[in-house]
Structures are given as structure tokens and as C-alpha cells.
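What follows is a short report on a single structure.
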Amino acid sequence: MNSYRVFRTLGAAGVPLSFSVLAHASYITPIVAELPEYAGAVPRPGLTLYGVVDLALNYQNAGGKSVISLQSGGRSTSRFGLMGKEDLGGGLAAEFSLENGFNADSGALGANGVIFNRQAWVGLASPAFGQLRLGNQDNVGYPVYLDPFGQVGTNSIYTSLGYAVVQTPTGSGFNADLGPGATQVAARVANAVSWNSPRVAGFNLKLLHAFSNSASAPSRTNNDGAMLTWARGPAALFGTYNRVWSAPVVLAPGQTATSVRNDLYSVGGLYDSGSWVLMGGFTQNAPHRAEAGIARNYTIGGIFPFGRHVLRASLLYRDTSGVRDRSGELAKDAGFGGMFGYDYLLSKRTSLYGRAGFIRNFGISTVPFNGNSLPTMEGSTVPRTGVSPITVSLGMAHAF
Numbered sequence: 001m002n003s004y005r006v007f008r009t010l011g012a013a014g015v016p017l018s019f020s021v022l023a024h025a026s027y028i029t030p031i032v033a034e035l036p037e038y039a040g041a042v043p044r045p046g047l048t049l050y051g052v053v054d055l056a057l058n059y060q061n062a063g064g065k066s067v068i069s070l071q072s073g074g075r076s077t078s079r080f081g082l083m084g085k086e087d088l089g090g091g092l093a094a095e096f097s098l099e100n101g102f103n104a105d106s107g108a109l110g111a112n113g114v115i116f117n118r119q120a121w122v123g124l125a126s127p128a129f130g131q132l133r134l135g136n137q138d139n140v141g142y143p144v145y146l147d148p149f150g151q152v153g154t155n156s157i158y159t160s161l162g163y164a165v166v167q168t169p170t171g172s173g174f175n176a177d178l179g180p181g182a183t184q185v186a187a188r189v190a191n192a193v194s195w196n197s198p199r200v201a202g203f204n205l206k207l208l209h210a211f212s213n214s215a216s217a218p219s220r221t222n223n224d225g226a227m228l229t230w231a232r233g234p235a236a237l238f239g240t241y242n243r244v245w246s247a248p249v250v251l252a253p254g255q256t257a258t259s260v261r262n263d264l265y266s267v268g269g270l271y272d273s274g275s276w277v278l279m280g281g282f283t284q285n286a287p288h289r290a291e292a293g294i295a296r297n298y299t300i301g302g303i304f305p306f307g308r309h310v311l312r313a314s315l316l317y318r319d320t321s322g323v324r325d326r327s328g329e330l331a332k333d334a335g336f337g338g339m340f341g342y343d344y345l346l347s348k349r350t351s352l353y354g355r356a357g358f359i360r361n362f363g364i365s366t367v368p369f370n371g372n373s374l375p376t377m378e379g380s381t382v383p384r385t386g387v388s389p390i391t392v393s394l395g396m397a398h399a400f
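The sequence shown begins at 1 in the UniProt record's numbering and counts up one residue at a time.
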């Protein structure tokens with residue numbers, strides 16, 4: 001795969017690749033390594049400004065409830081960022097990154113009151129000891145490059161069904177069907193310290209610890225994580241483990257609110273033939289409580305470029321065990337979803353795209369898609385079961 005095709009296939013797709021993670025994978029080329037938002041290391045001394053502006057016309061339908069809107073980030077999150085690097089001598093460098101996500105349809109911040117919600121860290125890097133970073137940074141969970149759609153917040157079946165923002169009568173929450181205290185690995189982890197090792201014999205290790213930053217919090221830790229990867233030639237494999245503590249929650253009447261530990265595991269890999277890329281993985285989310293349910297996700301996907309055209313597809317099945325319905329009885333709770341996409345590349349930085357996806361909820365599953373809430377039972381806030389939401393987008397994205 002030549003470097004131009006690589007850029008168009010993954011770089012222009014908004015898939016934030018980690019150069020340090022996949023240093024030996026065949027689609028990591030110098031042109032991708034030079035793009036700061038896709039590279040694991042700050043690319044060059046001095047200051048680098050970069051970003052993406054992405055807007056799409058979006059149609060959604062959930063159980064007969066439909067909406068047409070102008071949506072930001074249909075292919076890649078609209079954002080801008082600054083990266084800086086200073087050579088300190090002897091191979092040592094000081095680095096920083098500040099990245100903001102915004103809604104291009106309105107100009108509003110992606111997170112209310114937070115300017116640099118996507119990245120805000122400072123660190124040191126060296127070929128000898130790796131990278132040390134302090135601040136708000138990417139997690140060490142399921143790698144974003146294993147989703148053909150880059151785990152974008154809108155048109156990604158992994159973001160919607162894999163992260164499982166489950167709708168309940170009192171609101172929505174990550175894996176809320178697994179019981180009180182269920183949560184998820186945050187896409188970006190605040191108050192974090194991470195270390196990314198040099199690659200040795202194809203192996204790379206990344207460790208992360210995130211503080212709660214509160215003396216009164218039930219847990220002094222928000223997230224402990226580790227990711228081990230191996231990459232050689234066209235293939236890459238990975239495994240991750242995260243311990244994530246939930247916000248304080250009351251588990252039983254009369255008890256003091258406490259944080260619940262969640263254990264999250266993932267394994268997977270990809271293969272790049274030079275003409276196509278296939279990827280797949282497995283994740284398991286298990287709140288550390290005997291009464292809690294467990295969620296398991298199985299996903300496969302692919303990217304197929306030809307000329308100026310790129311096809312993408314991903315499928316995901318979410319299954320659970322130990323989940324109970326509103327009466328306390330064990331119940332079936334599963335979902336299956338798919339996402340399909342097409343990009344037409346006008347240039348190295350500008351593309352037109354289409355996206356279409358669906359989620360089929362089985363049993364008591366109530367996972368919405370693309371932020372469009374499921375309809376509720378008449379006269380109540382209880383979401384209807386058996387609803388299959390769909391989403392379709394046509395848009396344009398420009399990277400700078």
C-alpha cells in the first residue's frame with residue numbers, strides 16, 4: 001500500500017493511530033507518522049497546529065421516532081490541537097499536547113466548560129526509556145485503530161453498542177444494565193500518569209494510573225490500565241486490562257455511597273495485506289460485585305481502498321450474563337449492530353463520505369444509537385424494548 005493510499009485510508013479517515021504501538025505494521029508510513037494527531041510521538045521540534053472540521057446531514061430513526069439534523073463529526077470528531085516539542089539533548093525531548101473537540105454545526109465546545117477535553121498533557125520522551133506523560137490523555141483500553149470508523153462519537157457501532165450507553169428510566173449510563181456501579185473506560189483519562197515503553201522484539205508496553213484528585217472520594221484511583229502489543233510486518237496483536245472505579249453509588253438502602261471497581265479486558269489484532277485491512281477483537285466488562293452482570297463484545301471489521309474510494313464495514317455482537325429485569329428476574333439482554341461506510345477522497349485532506357448503521361436490541365436491551373433516545377412506554381420514562389435504531393449520514397470532512 002503506497003503512502004498516499006495509507007493516508008487516505010486511515011489518516012484521512014480520522015483514525016488516530018499510535019505510531020509507537022504499530023511501528024512495524026505495514027500501513028504505518030512516514031506520511032502518517034508526520035501527522036501529529038495520528039502519531040504516538042510529537043513529530044518535530046517547535047509548535048504544530050492541526051485539526052479537522054467535519055459536518056454531515058444525518059437521519060436517525062428509533063421505533064418510528066425520526067429526526068434529520070446537521071451533525072458535527074460524522075466521520076471524524078471536529079477538533080483542533082497544538083503540539084509542541086523541545087530537544088533537550090542526548091535524545092531527550094520535552095513534549096506537550098493541547099486538543100479541543102468542538103461541534104462544527106454550532107461552534108460550541110464538545111464538553112461544556114472544558115477547553116482541552118481531548119488532550120492536555122506534558123511529558124518527556126527518549127528512545128532509551130520511552131514516553132512519560134502527565135495529564136488528560138488517551139486511555140489504554142480497546143485500541144481505537146481496531147475500529148474501521150475510529151470510535152468516532154457518532155457513526156461507530158463500537159462507540160454506541162460496544163461502550164453501551166444503556167438507556168434506563170432514570171437516564172443513560174455506560175453498561176447501566178449490568179447493575180449499580182457499572183461503568184466504562186473513559187476515552188480520555190484525566191489526572192493520569194502514563195509510561196509507554198520503547199519497542200523491543202516487536203513488543204511494546206503502556207501503563208497508566210489516574211488519580212481521583214479528591215481526599216473525600218471512596219477510591220483514590222479512577223483508572224489503572226495496561227496494554228501490551230506485538231507488531232511485526234503486516235500483523236499486530238494486543239491485550240489490555242483496566243481497573244476503573246465508578247462514581248460513588250448507593251448499592252443498598254441505608255448504605256453509604258461507594259465506588260465500584262470494574263474489571264475490563266480486551267484482546268484483538270489486525271492484518272494489513274497491502275490492499276485491505278482486517279481487524280477484530282473481544283472485550284469483557286465486569287463490575288466487581290457478585291450481583292452484577294457481565295458484558296462481552298465480539299467485533300470484526302475491515303477497510304477496503306481502491307483508487308480514490310474507500311469502503312469500510314464493522315459488525316459487533318454484545319452479549320450479557322447475570323442481567324436482571326425490573327422485577328429482579330434474570331433476563332436475555334443482547335444486541336447486534338453493523339456500520340457501513342464509503343469515502344470519496346477529493347484530496348489528501350478533504351473527503352466526502354456516507355455512513356449507515358443499525359442496532360438490533362434483543363430481550364430487555366435498550367441501547368440507543370448516535371445520541372437519539374429510544375421511545376418510552378406511554379405515560380412513563382421506561383424505554384421500549386425491541387427497538388432497532390438506525391442512522392444514515394452524508395457529509396464532508398477537511399483536515400489541516
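Think of the CB as a built atom: it goes at the ideal place given N, C-alpha and C, for glycine as much as any other residue.
Values in this document were obtained by computation on a predicted structure and should not be read as measured data.
Worksheet item: Looking at residue 279 and residue 161, is the spacing between their C-beta atoms short of 7 Å?
Response: Position 161 of the sequence shown, counted from the start, is the residue given in the question as residue 161. Position 279 of the sequence shown, counted from the start, is the residue given in the question as residue 279. No, these two residues do not count as a Cβ contact at 7 Å.
Practice prompt. Count the other CB atoms, across all protein chains shown, that sit within 10 Å of the CB of residue 174; report buried if there are 16 or more and exposed otherwise.
Written response: Against the sequence shown, residue 174 aligns to sequence position 174. The residue is buried, with at least 16 neighbouring Cβ atoms inside 10 Å.
Discussion item. Does the contact criterion of 3 or more C-beta pairs under 8 Å hold for the region 126-141 versus the region 205-214?
Written reply: At 8 Å Cβ cutoff, the stretches touch.
Worksheet item: Since residue 65 is in the beta strand (DSSP E), which residue starts that stretch and which ends it?
Response: As a first step, residue 65 is located in the sequence shown; it is residue number 65 there, counting from the start. Run containing residue 65: 65-72, per the beta strand (DSSP E) assignment.
Worksheet item: Just curious, the beta strand (DSSP E) that residue 107 is in, first and last residue?
Response: Locating residue 107 in the sequence shown gives position 107, where the first residue counts as 1. Premise fails: residue 107 is in no beta strand (DSSP E) and is neither H nor E.
Worksheet item: So is residue 213 buried or exposed if we call it buried at 16+ other beta carbons inside 10 Å?
Response: As a working note, residue 213 is residue 213 in the sequence shown. Exposed is the call here.
Discussion item. Going by C-alpha to C-alpha distance, which of 340, 143, 164, 259 sits closest to residue 488?
Written reply: Residue 488 falls outside the range modelled here, since the chain spans only 1 to 400, and no answer is possible.
Worksheet item: Which of the three DSSP states, helix, strand or coil, is assigned to residue 177?
Response: The count along the sequence shown starts at 1 and reaches residue 177 at position 177. Residue 177 carries a helical assignment under DSSP once its states are collapsed to helix, strand and coil.
Fill in: residue 244 (DSSP reduced to helix, strand or coil)
Taking the first residue of the sequence shown as 1, we reach residue 244 at position 244. In the structure shown, residue 244 sits in a strand (DSSP, three-state: E or B).
Worksheet item: If you count every other CB in all the chains shown that lies within 10 Å of the CB of residue 189, and 16 or more means buried, which is it?
Response: On the sequence shown, position 189 is the one that residue 189 refers to. The residue is buried, with at least 16 neighbouring Cβ atoms inside 10 Å.
Worksheet item: Using DSSP with H/G/I as helix, E/B as strand and the rest coil, what is residue 126?
Response: In the sequence shown, the residue the question calls residue 126 occupies position 126. Correct three-state label for residue 126: strand.
Fill in: Buried or exposed (CB count within 10 angstroms, at least 16 for buried), residue 246
To locate residue 246, count along the sequence shown from 1; it is residue 246. Residue 246 should be labelled buried.
Discussion item. Whether or not the region 338-347 and the region 372-387 are in contact is what I'm after, with contact meaning three or more pairs of Cβ atoms, one per stretch, closer than 8 Å; do they touch?
Written reply: They do not touch, by the three-pair rule.
Fill in: residue 405, enclosing beta strand (DSSP E) - first and last residue
Residue 405 is absent from the model: the chain starts at 1 and stops at 400.
Worksheet item: So, is residue 378 buried or exposed, given that buried needs 16 or more other C-beta atoms within 10 angstroms?
Response: Numbered from 1 along the sequence shown, position 378 holds the residue referred to as residue 378. If you draw a 10 Å sphere on the C-beta of residue 378, you find fewer than 16 other C-beta atoms in it, and that means exposed.
Worksheet item: Quick one: what's got a C-beta closer than 8 Å to residue 330's C-beta in the same chain, skipping five residues either side?
Response: Taking the first residue of the sequence shown as 1, we reach residue 330 at position 330. Excluding residues within five positions, the ones whose Cβ falls inside 8 Å are 322, 323, 324.
Item to complete: With a floor of 3 residues, list each beta strand (DSSP E) that falls wholly inside the region 277-325, ordered by position along the chain.
Response: Qualifying beta strand (DSSP E) stretches, in chain order: 277-287, 294-306, 309-321.
Item to complete: Use the C-beta contact count for residue 106: other C-beta atoms within 10 angstroms, 16 or more gives buried, fewer gives exposed.
Response: Counting from 1 along the sequence shown, the entry for residue 106 is found at position 106. The C-beta of residue 106 has fewer than 16 other C-beta atoms within 10 Å across all chains shown, which makes the residue exposed.
Worksheet entry | Integer-rounded CB distance, given that residue 77 should sit under 8 Å from residue 152 | Along the sequence shown, one-based indexing puts residue 152 at 152. Along the sequence shown, one-based indexing puts residue 77 at 77. In this structure residue 152 is in contact with residue 77, their Cβ atoms being roughly 6 Å apart against a cut-off of 8 Å.
Item to complete: Express the C-alpha separation of residue 87 and residue 260 in angstroms, rounding to a whole number.
Response: Counting from 1 along the sequence shown, the entry for residue 260 is found at position 260. Counting from 1 along the sequence shown, the entry for residue 87 is found at position 87. Distance between residue 260 and residue 87, taken at the CA atoms: about 43 Å.
Item to complete: Would you list the residues sitting across from residue 147 in a DSSP beta bridge?
Response: Position 147 of the sequence shown holds residue 147. DSSP, once it has assigned bridges, lists no residue as partnering residue 147.
Discussion item. So the candidates are 209, 171, 185, 155; which of them puts its Cα closest to the Cα of residue 135?
Written reply: Counting from 1 along the sequence shown, the entry for residue 135 is found at position 135. Taking each of 209, 171, 185, 155 in turn and checking the Cα distance to residue 135, the smallest one comes out for 209.
Practice prompt. Could you name the residues of the same chain whose beta carbon sits closer than 6 Å to that of residue 350, not counting the 5 residues immediately before and after it, in chain order?
Written response: Counted from its first residue, the sequence shown places residue 350 at position 350. Excluding positions up to five away in sequence, the list reads 398.
Fill in: Neighbourhood of residue 276 by C-beta, 8 Å cutoff - its chain only, sequence neighbours within 5 removed
As a working mapping, residue 276 is identified with position 276 in the sequence shown. Within the same chain, and ignoring the five residues on either side of residue 276 in sequence, the residues whose Cβ sits closer than 8 Å to its Cβ are 302, 303, 304, 305.
Practice prompt. Taking residue 258 and residue 287 to be in contact with their CB atoms under 8 Å, please state how far apart those CB atoms are, rounded to whole angstroms.
Written response: In the sequence shown, the residue the question calls residue 258 occupies position 258. In the sequence shown, the residue the question calls residue 287 occupies position 287. Contact between residue 258 and residue 287 is ruled out by a C-beta separation of about 12 Å, above the 8 Å threshold.
Worksheet item: How long is the line joining the alpha carbons of residue 273 and residue 357, rounded to whole angstroms?
Response: Position 273 of the sequence shown, counting from 1, holds the residue named residue 273. Position 357 of the sequence shown, counting from 1, holds the residue named residue 357. Their Cα atoms are separated by approximately 26 Å.
Item to complete: Out of 184, 71, 111, point me to the one whose CA is closest to residue 104's CA.
Response: Your numbering for residue 104 matches position 104 in the sequence shown. With distances taken between Cα atoms, residue 104 lies closest to 71.
Worksheet item: Which residues in the same chain have their Cβ closer than 6 Å to the Cβ of residue 95, if we skip the five residues on either side of it in sequence?
Response: The sequence position of residue 95 within the sequence shown is 95, counting from 1. Excluding sequence neighbours, residue 95 sits near 42, 85, 123, 125.
Worksheet item: Would residue 167 pass as a contact of residue 370 if the rule is Cβ separation under 7 Å?
Response: One-based indexing of the sequence shown puts residue 167 at position 167. One-based indexing of the sequence shown puts residue 370 at position 370. No, Cβ-Cβ distance for residue 167 and residue 370 is not below 7 Å.
Worksheet item: Where do the N-terminal and C-terminal ends of the beta strand (DSSP E) with residue 57 fall, by residue?
Response: In the sequence shown, counting from the first residue as 1, residue 57 sits at position 57. DSSP places residue 57 in the uninterrupted beta strand (DSSP E) bounded by 46-62.
Discussion item. Mapping the DSSP letters down to three states, classify residue 164 as helix, strand or coil.
Written reply: What you label residue 164 is simply residue 164 of the sequence shown in a count that begins at 1. Secondary structure of residue 164 (DSSP, three-state): coil.
Practice prompt. Could you tell me the distance, in whole angstroms, from the CA atom of residue 56 to the CA atom of residue 81?
Written response: As a first step, residue 56 is located in the sequence shown; it is residue number 56 there, counting from the start. As a first step, residue 81 is located in the sequence shown; it is residue number 81 there, counting from the start. Here the alpha carbons of residue 81 and residue 56 stand approximately 22 Å from one another.
Discussion item. Rounded to whole angstroms, what is the Cα-Cα separation between residue 262 and residue 185?
Written reply: To locate residue 262, count along the sequence shown from 1; it is residue 262. To locate residue 185, count along the sequence shown from 1; it is residue 185. When only Cα atoms are considered, residue 262 and residue 185 end up about 9 Å apart.
Worksheet entry | Beta-carbon proximity check, residue 265 vs residue 235, cutoff 7 Å | Locating residue 265 in the sequence shown gives position 265, counting from the first residue. Locating residue 235 in the sequence shown gives position 235, counting from the first residue. Result no, Cβ atoms of residue 265 and residue 235 do not sit closer than 7 Å.
Fill in: Among 239, 383, 316, nearest to residue 159 - alpha-carbon criterion
For this step, residue 159 is matched to residue 159 along the sequence shown. Checked all of 239, 383, 316; the closest Cα to residue 159 is 316.
Worksheet item: What is the DSSP secondary structure of residue 115, counted as helix, strand or coil?
Response: Translated into the one-based positions of the sequence shown, residue 115 becomes position 115. Residue state, collapsed to three classes: coil.
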